[in-house]
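Right, one structure below, let's go through it.
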Amino acid sequence: MTVAIIERHKFGGTCVNTGCIPTKTLVASAYAAHVARRGAEYGFVVDGEVRVDMKRVKARKDEISGQSTRGVEEWLRGLNNCTVIQGHARFQSARTVVVNDEILEADKVFINVGGRASVPSMQGINDVPFLTNSSIMDVDFLPEHLVIVGGSYVGLEFAQMYRRFGSEVTIVEMGPRLIGREDEDVSEAVREILDMEGIQIRLNAKCISLGNVDGGIVVGLDCAQGPPEEPGTHLLLAVGRTPNTQDLGLDRAAVVTDQRGYIVVDDQLQTNVPGIWALGDCNGRGAFTHTSYNDYEIVADNLLNGDHRRVSDRIPTYGLFIDPPLGRCGMTDAEIRKSGRAALAAKHPMSRVGRAVEKGETQGFIKISVDAETKQILGAAILGTGGDEVVHVLLDVMYAKAPYTVVQRAMHIHPTVAEFLPTVLSKLQPPG
Ligand SMILES: Cc1cc2nc3c(=O)[nH]c(=O)nc-3n(C[C@H](O)[C@H](O)[C@H](O)COP(=O)(O)OP(=O)(O)OC[C@H]3O[C@@H](n4cnc5c(N)ncnc54)[C@H](O)[C@@H]3O)c2cc1C
């Protein structure tokens, strides 16, 4: 096929430039500083205070992100029959797209426009300087006191990272707990981890206004407990994502979006208009790089290989890359309860996992739920060292639709966190 790909900003999009790659690079710098501060526990001496050079931290991040974005662009420009166009694309009709006054016509159009940080309208939003996941990528200094509005995945990663860089950090979350989509025990364990590092956490505190004060900002709160204002030197908004669909001319193509602006797609990612597909964050069916990539695989296999892959075939999975990380797959306990299935569950603290003890990283736990009748794994949360990797052992067994007993009979490497999965599974019992 002859293909044109249109990009208005940086190649690689959010993941490469302002999402996964730069944040995980920064998380690695923060982890190194954290371990250095704990040097004495491991038997080495750090002479003097561990201080982070933010210019060098940012330079490392820029280098790693930059390699990826350059790699993506070079690869695209080197593809046969692929024209790379820089500019903002807009539909003129269901078959035509305008970019830089050029009109492109195609019988197949793939929308993959992603999203951006949501900026809620509230008192003071236009007067107060604030950071988002994009603009914080340019920060090459240490904020004295970073106030983060939003205690979910993005906010928590930045919170721990900046605390470890040396900032005072306050998280303001309107819900009763952090990462409210997770089970309560996961939220609570994550809160404890962050609390132990000296991060201030304000729960049940809705940010309702922003203001400037001498040398910084102040967040006005609607809260029953604690002070009604949280002052800081810098402000990061991490309150969700908005799809980039408002400036695409979707109405001219008659492509339907939902109330929040996500493009409505079917189980094979086709929009309501034949010949137009929507992939990635803009379709609201996932919010991760792996869900975006899986969208591509579904569309490509169905279109090019005569396959019948569907979004509903995939099992939810993701990581929260605080330290220690959370690896999640399948259903939460709350979802299992809601489904009415008879389940068995087991939980095992990381403090009793040899590998975690050896590494001096014993926070968190492993918990797994299985279907009492079919013995298939329903879901797992592995909060602890290596949790983001270990969870794949369970995920692959879930895809194989095999019973959990397969994991119990497998021989795993010693000493690893994964070798404890059979032990955890031997403790399965009805949840109580
Ligand atoms: C701080 C942060 C950390 C994250 N960490 C992780 C993580 O660890 N793991 C994970 O799986 N996910 C993570 N994510 C989510 C992940 O980055 C996204 O899910 C993923 O990038 C979505 O890919 P996409 O292709 O759908 O869209 P995007 O990556 O957003 O790409 C869309 C592209 O379309 C371009 N574009 C938009 N409109 C137009 C237009 N009209 N014309 C031309 N070009 C246009 C944009 O410039 C952009 O390059 C993170 C996100 C954030 C914000």
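FYI, the numbering for the sequence shown is 132 to 563, going by our numbering.
A virtual CB, placed ideally from N, CA and C, is assigned to each residue, including glycine.
Computed from a predicted model, the values in this text were never measured in an experiment.
Assign residue i to one of three DSSP states: helix, strand, or coil.
i, result
"V522", "helix"
"A248", "strand"
"V181", "coil"
"G363", "strand"
"E236", "strand"
"P562", "coil"
"N264", "coil"
"N414", "helix"
"H479", "strand"
"K498", "strand"
"L273", "coil"
"F587", "This structure cannot speak to residue 587, because the chain is shown only from 132 to 563."
"R221", "strand"
"L457", "strand"
"A320", "helix"
"E315", "helix"
"T145", "helix"
"I513", "strand"
"K532", "coil"
"V442", "helix"
Give a yes or no on whether the C-beta atoms belonging to residue i and residue j are separated by under 7 Å.
i, j, result
"G495", "P455", "yes"
"A220", "I302", "no"
"I216", "T227", "no"
"A511", "I499", "yes"
"A431", "V404", "no"
"H276", "G363", "yes"
"L273", "M185", "yes"
"F296", "A161", "yes"
"V278", "L341", "no"
"S199", "I256", "no"
"D389", "S443", "no"
"V521", "V548", "yes"
"I339", "D353", "yes"
"N231", "G218", "yes"
"V538", "P553", "yes"
"C213", "T420", "no"
"V188", "A167", "no"
"L400", "D426", "yes"
"I394", "T376", "yes"
"R463", "M481", "Note that residue 463 is Thr in the sequence shown here, rather than Arg. The answer is no: Cβ separation not under 7 Å."
"R472", "D438", "no"
"G406", "D238", "yes"
"G282", "E299", "no"
"R322", "S224", "no"
"G143", "V203", "yes"
"M529", "I508", "yes"
"A477", "K558", "yes"
Mind checking residue i: buried by the 16 CB within 10 Å criterion, or exposed?
i, result
"T149", "buried"
"Y293", "buried"
"I408", "The displayed chain sequence assigns Trp, not Ile, to residue 408. Flag for W408 reads buried."
"Y173", "exposed"
"I242", "buried"
"F551", "buried"
"P374", "buried"
"H365", "buried"
"D178", "exposed"
"Q560", "exposed"
"Q254", "exposed"
"L526", "buried"
Inspect the CB distances between the stretch 355–372 and the stretch 281–289 and report whether three or more fall short of 8 Å. yes
Do three or more CB pairs link the stretch 302–311 to the stretch 324–336 at distances below 8 Å? yes
Would you call the stretch 514–523 in contact with the stretch 458–466, where contact means no fewer than 3 C-beta pairs closer than 8 Å? yes
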